[in-house]
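Beneath this line is the structure, given in structure tokens, with notes to follow.
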Amino acid sequence: SFKMKTSVAIQCIVLLACMALCTSLFIPRCRCLKTRKFVRVPITEVKVDEPRPHCNRREVIVTLKDGREQCLDPESKFTKELLKKL
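Here the sequence shown stands for residues -24 to -1, 1 to 62, numbered as in mature numbering (1 follows the signal peptide of the UniProt record, and there is no 0).
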């Protein structure tokens, strides 16, 4: 009986740990952890995410010709000029 209670307790702890880990993986947050002032590679797409409940800042994400995504500083001169052209 003690062995069974211990086993059930361990299973509950493991289940709670898994739930906590899975939940933390899906918490919405800002996409841009760091930004660049400009990029030299040709840009194929520009996406602007305005502030939202889970991210309180404007994010400018560009897709480069080689397929990589880069976050631009929305306050940089390069980014402001780029957004004027859209």
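We put the beta carbon where it would ideally sit given N, CA and C, even for glycine.
- Straight through space, the alpha carbons of VAL(-11) and CYS31 are spaced by roughly 31 angstroms.
- Residue pairing by DSSP places LYS53 in no beta bridge whatsoever.
- Cβ contact annotation for GLU26 (same chain, cutoff 7 angstroms, sequence separation greater than five): ARG34, in chain order.
- Take ILE(-15), set aside five residues on each side of it, and no residue of its chain has a beta-carbon closer than 7 angstroms to its own.
- Each residue's CA atom was taken as its position, placing PHE54 and VAL36 some 11 angstroms apart.
- Excluding its 5 nearest sequence neighbours in each direction, LYS13 has C-beta neighbours in its own chain below 7 angstroms: ASP49, SER52 and PHE54, listed in chain order.
- DSSP lists THR39 as the beta-bridge partner residues of GLU45.
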